[in-house]
Every structure is written in structure tokens, then in C-alpha cells.
Ligand code: VGL
Ligand code: ZN
């Protein structure tokens, strides 16, 4: 495909490719940095690219450390439903929260930060985990005339899946480039996420198209 030959109504959404989700990071996704060269190649094909950045204040309620006696990866009832507790990660302004240096973030027309409200987690790029507080991304994409969102990044079974399903909920076509994603996979969460994406009408695709 010609460089930047993607249609004007298509945008590549690069989800949470941040140091903390890569090997050596605070919430390392197995093989997480393997997505970097694949996404870098995909970016050469898209005229429009946006990034998301998980961006938590210190002591964020999704951190197990905020709940004495609780451990990472336990689930806990929150006012908006069950929430998985995580190791402290992607704390605002830290090196762990920085976008992976192997991606040219200067290419992004938008970097949308999420998870900055102290008491609500946000897996999706569109809505926080209460499923009703919008991030503004849906309005941005609609105003820009985007009809198809192509997603990649970390992690397949959390932020990528939630974002892809919400893209469908918002009326966009959604395509996930599976080779440009890696999963955390807690208790079958990857299989569940793939099934939920399929059910929502998300196209699961190989990036070599
Ligand atoms: C993510 C867990 C906590 C993700 C973010 O990017 O998938 N997962 N925060
Ligand atoms: Zn997070």
C-alpha cells in the first residue's frame, strides 16, 4: 500500500503503548514491546493517527496499594461495578507513563489521556469504567468525519477490547489489528474479550492487508 494512502475517514488508534505496559514496566504485558515495530509499520499507512495514554494520579483507586490488605489482580466491588485492582502504573508524569520511545508520537494528531479521575478507572478510550463518563474521543472523531477506527496496542483484553467495543457503540466501524496487540490474559480474559469484540461487530484482522 502507498504510504499514507488510507482514506480520510479512517484513523489508526494506538492504545496505551507506554513503558509501564512493556517488559520491565510496572504492569508489563507479556511480550508487550513486540507491538512496537508492527505499529510503527502500520503508522506509515495511515494519514490519521491518534494515541491513548493511561494517565493515573498517584494513589488512583484502581491501584491495589490504595486498598490496605488487597493485592494486585484481585477484583473488588466499586460504585460502578467490579473493578480489577492493578499494581501502581502509568502515574502522571513518570517515565512509566511515557509513550514507548520506539513510536513516533509526533505523528499523532491527538493524544487522549484517560484514567485521570482519582476514583474511576478508564480502560476504554471513549468512556470511563462507569460506562457513562465520556472522554471526548467520540465527539472528536465525529467532528473530524472519521467513520472507521483501526485499533492496536496494549492490552488486547482490556483497553483495546473496551475501546473497540465502545467504538461500535458510538457507531464507528472498528477493526483490531491483532498482530499489533498483546494481552494480559487474566483468567481467560483474552478469550472473553475476543468473543465480546466479535459479538459487537468488531473486525479482528491481521495487519498485513
Ligand atoms: C490497562 C489495566 C489497567 C490497559 C490499563 O491499557 O489495558 N490495563 N490500566
Ligand atoms: Zn491503568
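Residue numbers (this note's numbering): 1 to 209.
Built from N, CA and C at the ideal position, the CB exists for glycine as well.
Remark: the shortest separation between the CB of residue 44 and any heavy atom of ligand 1 does not fall under 8 angstroms.
Taking the Cα positions, residue 29 is about 5 angstroms away from residue 21.
Taken in chain order, the unbroken stretches of beta strand (DSSP E) that lie wholly in the segment 110-196 and span 3 residues or more are 110-114, 148-154, 173-182. In terms of Cβ geometry, residue 41 and residue 102 do not form a close pair [threshold 9 angstroms]. Of 75, 136, 87, 201, the smallest CA-CA separation from residue 126 is found for 136. Our two residues, residue 32 and residue 143, have alpha carbons roughly 32 angstroms apart in a direct line.
Its chain contains 50, 140 as the residues whose beta carbon lies nearer than 7 angstroms to that of residue 110, once the 5 sequence neighbours on both sides are disregarded; these appear in chain order.
Bounds of the alpha helix (DSSP H) holding residue 38 are 35-43. Looking at the DSSP output, residue 77 sits in a beta bridge with 82. DSSP places residue 61 in the coil class of the three-state scheme, outside both helix and strand. It is roughly 11 angstroms from the alpha-carbon of residue 171 to the alpha-carbon of residue 202. Of the candidates 13, 58, 73, the residue whose Cα lies closest to the Cα of residue 82 is 73. Counting only the Cα atoms, residue 147 lies some 5 angstroms from residue 9. Counting along the chain, residue 46 sits inside no beta strand (DSSP E), nor does DSSP assign it H or E at all. The Cβ atoms of residue 179 and residue 38 sit closer than 9 angstroms to each other.
As DSSP reads the structure, residue 56 sits in a beta bridge with 91. Secondary structure of residue 205 (DSSP, three-state): strand. Within the same chain, 76, 85 come within 7 angstroms of residue 67 by CB-CB distance, once the 5 residues on both sides are set aside. Around the beta carbon of residue 145, fewer than 16 other beta carbons sit within 10 angstroms, so the residue counts as exposed. As the crow flies, the alpha-carbon of residue 25 is around 12 angstroms from that of residue 91. Around the C-beta of residue 131, fewer than 16 other C-beta atoms lie within 10 Å, and the residue is accordingly described as exposed.
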